[in-house]
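Number of protein chains: 2
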Amino acid sequence: MNFADRLLEAIDRKRNPSVIGLDSDFAKLPNSLKQDFRERFGSNFEAVGKCIFEFNRRIIDSIKDAVPAVKIQMAFYEQYGHKGMKAFEETVTYAKQRGLIVIEDAKRNDIGNTAKAYSSGHLGKVDLFGESVRSIDVDCITVNPYLGSDGVLPFLEDVKANEKGVFILVKTSNPSSNELQDLTSGNRKVYEILADYVNEWGSSMIGERGYSSVGAVVGATYPKEAAALRKIMSHSIFLVPGYGAQGGGVKDVIPCFNPDGQGALIHSARGVIFAYEKTGKENEFDVLARQAALRMKDDITLALKELKVGNW
Amino acid sequence: MNFADRLLEAIDRKRNPSVIGLDSDFAKLPNSLKQDFRERFGSNFEAVGKCIFEFNRRIIDSIKDAVPAVKIQMAFYEQYGHKGMKAFEETVTYAKQRGLIVIEDAKRNDIGNTAKAYSSGHLGKVDLFGESVRSIDVDCITVNPYLGSDGVLPFLEDVKANEKGVFILVKTSNPSSNELQDLTSGNRKVYEILADYVNEWGSSMIGERGYSSVGAVVGATYPKEAAALRKIMSHSIFLVPGYGAQGGGVKDVIPCFNPDGQGALIHSARGVIFAYEKTGKENEFDVLARQAALRMKDDITLALKELKVGNW
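Residue numbers (our numbering), protein chains in the order written: chain G, -19 to 292; chain R, -19 to 292.
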């Protein structure tokens, strides 16, 4: 099934248009968990990787029936080299086995055969002594478009061939996103021009529910811009960071939805997976993450219901 | 020593302003080498990683006295997951031990604490149960600026604290780089506006030789644009891809140098490390790579000499 259809179906089934970010920054993991792994494996990157995976495993088990997807932020794994990368791969496999859609937030970008190598590794197949085999195999990856079509088209080949998805960075949630993305060229902003490209890139990958497997990253912190972009990219699902810790609230994310109640996947990471920090109950981090995830779900779906957006 | 000073000193010492790219695409490695590793370790990603490292090791040993630096293209390692990442790390360590400056071409980008995690892993220090330790520890990394200052400043902290470098993508070598980078805002191109940011970001990191540790990626395939950018970013070293396989010739790279003969590092990968392909002598891939690297050095330095650029 086309990625967009698969994602929308999962959102419907869980009655939840949000995604939890496994931004599993080792420094912020519960101390008791860390001490346990240090005692068992020593003070080394292997222990770090195993500890991160155990943290993720418990979060996944705790939220798997409540959310449609997880977004795994590569930076927090990659920073520990191959031991971190192993934890990333184990998390991908575990989340997929538990029925969750896995979005890799890696913001990859390059050109030609190099972009193809990234795409092959994350979405497609790589060469193994002449045989083509799957490697990291996430459902979807984020892509930075600064290099233009050359950096995106290799990913689209794998989206088509393997029923995968991409989210293209369009208007990001951070304060300085204005420096480049908000420049005006002709009478249009750079992010609007990019939105046209996203439409073009995604036009041949629209599923049965009317959405494309080529989505867009649009920050919750810029609701006006999101409303404008919602009109331009009517067939794209928006991956919406900035909710919670970055300051975006429930009202801010509503413009990211289409009138049909679809088309947005709201993301929160720290506010959910590190919910334990405010309570002092670090051994219950998984239970507290579940509570935070359900609160987020309720907040968003209640707002959608009150505003009569779609059938929420 | 400041990264820029260190790089320029290495260029002087080797009398060579070029860098060889270890774009070690497994599918393109010599068949006899691949068969050897398949027989020894089986048909698996571990064998792939070990084979890639052996290929790199022989290239490094062959070119180490002739070139100042290697650029390692992360995509070709990451595509094999943690086994590929291990080969990447081993290559970094080996190249540094042989006195080469290591530039990681990863085009990383994110915001806030996520950008910090990338930077900590690649340039700085990561948390190991409360201790701060080095992880991947390259000399320099490429960074994509689409997210603005928020995505760049965390790297600059580590550039400063650890005498590292960054190259910011400004005008890339590929055909579609025009789609975003050449948009006109006010009376300036996006890449020119970005060049001003590069100046600003790098202004406090200028070394004794007048160059900043914040460099720029400027493609050899756009010599006119390079000449304009050379004037704007007079204190930045340009990392110049596009020479050779991508169509840029000797004349095209000259505008990337300042009148002092400094400020450019010309990159070639496939034309050097896969030079064996045109000869059929795949067992001599390292010797042939050395010959190609020396040819490139001679071509560039001869052109600089003829045009009386600096003291070449």
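Cβ coordinates follow ideal geometry from the N, Cα and C atoms, glycine included.
For Leu219(G), same chain residues with a beta-carbon under 8 Å away, outside a window of 5 residues either side, are Val(-1), Lys51, Ile83, Thr122, Phe147, Gly195, Ala196, Val197, Val198, Leu245 and His247 in chain order.
Within 9 Å of the CB of Ile173(R), the CB atoms of chain G belong to Glu159, Leu160 and Leu163, in sequence order along the chain. Here Val113(G) is exposed, its C-beta having fewer than 16 other C-beta atoms within 10 Å.
What Leu209(R) touches in chain G, judged by beta-carbon distance under 9 Å, is nothing: the nearest beta carbon there is about 16 Å away. Listed in chain order, the beta strand (DSSP E) elements of length 3 or more contained wholly in the stretch 96 to 177 of chain G are 105 to 108, 111 to 114, 120 to 123 and 145 to 151.
Annotated as distal: Leu9(R) and Arg189(R), with beta-carbon spacing of 8 Å or more. Counting along the chain, the unbroken beta strand (DSSP E) around Gln53(R) starts and ends at Ala49 to Gln53. Rounded to whole angstroms, the Cβ separation of Lys63(R) and Gly110(R) is 29 Å, and the two are not in contact under 8 Å. Think of a sphere of 8 Å around the beta carbon of His215(R): no beta carbon from chain G falls inside it, the nearest being about 20 Å out. Among the residues of the stretch 184 to 196 of chain R, none has a Cβ less than 9 Å away from any Cβ of chain G. Using a Cβ-Cβ cut-off of 8 Å, Phe265(R) does not count as an interface residue toward chain G, since no Cβ of chain G sits closer than that to its own. One alpha carbon belongs to Leu174(G), the other to Arg20(R), and they sit about 49 Å apart. With respect to chain R, the C-beta atom of Phe109(G) has a partner C-beta closer than 8 Å. According to the DSSP assignment, Glu257(G) belongs to no alpha helix (DSSP H), since it is labelled neither H nor E. For the pair Glu172(G) and Ile212(G), the CB atoms are nearer than the 8 Å cut-off.
Taking C-beta atoms under 8 Å as the contact rule, Tyr126(G) and Leu149(R) qualify, at a distance of about 6 Å. Taking a Cβ-Cβ threshold of 7 Å, the residues of chain G close to Asn89(R) are Lys87 and Asn124, in chain order. When beta bridges are read from the DSSP output, Glu84(G) appears opposite Ile52(G) and Ile121(G). Following the DSSP letters along the chain, one finds Val194(G) inside the beta strand (DSSP E) bounded by residues Ser192 to Val198.
The Cβ neighbour count for Gln77(R), taken over all protein chains shown within 10 Å, is under 16; the residue is labelled exposed. The DSSP-derived three-state label of Leu287(G) is coil.
Contact with chain R is found for Asn154(G), since one of that chain's Cβ atoms lies less than 8 Å from the residue's Cβ.
Between Phe25(G) and Val230(R), the alpha-carbon positions lie close to 45 Å from each other. Going by beta carbons, Ser183(R) and Val139(R) fall outside the 8 Å limit.
Taking a Cβ-Cβ threshold of 7 Å, none of the residues of chain R is close to Met276(G); the smallest such distance is about 20 Å. Contact check for Ile32(G) against Ala75(G) fails: the beta carbons are separated by 8 Å or more. Residues of the same chain with their beta carbon placed closer than 6 Å to that of Leu282(R) are lacking, with the five preceding and five following residues left out of the count. In chain G, no part has a C-beta under 8 Å from the C-beta of Ser12(R); the shortest such distance is about 13 Å. DSSP places Gly61(G) in the uninterrupted alpha helix (DSSP H) bounded by Gly61 to Gln77.
Here the alpha carbon of Ser153(R) sits roughly 30 Å from the alpha carbon of Met(-19)(R). Closest in alpha carbon position to Glu69(G), among Ser115(G), Asn89(G) and Asp85(G), is Ser115(G). For the pair Gly187(R) and Ala225(R), the CB atoms are not nearer than the 8 Å cut-off. Under a criterion of Cβ atoms nearer than 7 Å, the residues of chain G adjacent to Phe6(R) are, in order, Asp107.
Sixteen is the threshold: since fewer than 16 other Cβ atoms of the shown chains lie within 10 Å of the Cβ of Thr73(G), the residue is exposed.
Residues of chain R whose Cβ lies closer than 8 Å to the Cβ of Glu34(G) do not exist, since the nearest Cβ in that chain is about 15 Å away.
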